[in-house]
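Residue numbers (my numbering): 204 to 377.
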């Protein structure tokens, strides 16, 4: 998206705030503003607006909250706020478990394993990848599994476990 398109979208969402009458609408608008800032790599404003969106959620266990914490984990990682990033990722994981949506549980586990991979904590990274792998057995989406195995391959390569990286890379060729 071009910078002008982002600015136009921001203007439209800011205007939409004036017409938002429900908490749900305000949550969605603030979240969208946060995502635009995220895509513009303006992580501080992205964080501010996504945190604001959470104020308008009615429940502690809903999909919007899962995505918000997931996004905040990514934002905090970019801001090099590692403790905060992991905390948000763990909140996202807990919500996904409470919701019982396997794809989201797997996504949360994969994000946590990627975090530990980037930190060089091989054992913790593998622990979460193994959990993610076992969750993925119950998911019948080929696209989901391709994305998952691609990330596994990258993570194992980064962890210098080249044999496992190769195994997952070969699975992708099937």
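Every residue gets a Cβ at the ideal spot worked out from N, C-alpha and C, and that includes glycine.
Distance, residue j Cα to residue i Cα
| i | j | result |
| --- | --- | --- |
| residue 276 | residue 289 | 6 angstroms |
| residue 210 | residue 218 | 12 angstroms |
| residue 251 | residue 272 | 12 angstroms |
| residue 248 | residue 297 | 25 angstroms |
| residue 326 | residue 335 | 14 angstroms |
| residue 284 | residue 320 | 16 angstroms |
| residue 356 | residue 221 | 46 angstroms |
| residue 295 | residue 369 | 30 angstroms |
| residue 234 | residue 243 | 14 angstroms |
| residue 310 | residue 215 | 31 angstroms |
| residue 253 | residue 208 | 20 angstroms |
| residue 365 | residue 261 | 45 angstroms |
| residue 231 | residue 212 | 14 angstroms |
| residue 286 | residue 255 | 20 angstroms |
Opening and closing residue of the alpha helix (DSSP H) in which residue i lies
| i | result |
| --- | --- |
| residue 259 | Neither: residue 259 is in no alpha helix (DSSP H) and is coded neither H nor E. |
| residue 297 | 285–302 |
| residue 238 | 226–242 |
| residue 223 | Element bounds for residue 223: n/a, residue is neither H nor E. |
| residue 308 | 305–321 |
| residue 266 | 266–281 |
| residue 369 | 365–376 |
| residue 333 | 325–339 |
| residue 342 | Element bounds for residue 342: n/a, residue is neither H nor E. |
Cutoff 6 angstroms; reference residue i; Cβ partners in own chain excluding five residues on either side
| i | result |
| --- | --- |
| residue 229 | 223, 259 |
| residue 257 | 271 |
| residue 236 | 216, 252 |
Close-in-space but distant-in-sequence residues of the same chain around residue i (CB under 8 angstroms, 5 per side omitted)
| i | result |
| --- | --- |
| residue 374 | 352 |
| residue 246 | 240, 278, 281, 282 |
| residue 293 | 315 |
Sequence-distant residues of its chain with Cβ nearer than 7 angstroms to residue i (five each side left out)
| i | result |
| --- | --- |
| residue 332 | 316, 355, 358 |
| residue 361 | 320 |
| residue 338 | 305, 308, 309, 312 |
| residue 341 | 305 |
Are the segment 253–273 and the segment 302–309 in contact at 8 angstroms, needing three or more beta carbon pairs? yes
Contact between the segment 315–328 and the segment 338–346 is defined here as three or more beta-carbon pairs at a separation below 8 angstroms; is this criterion met? no
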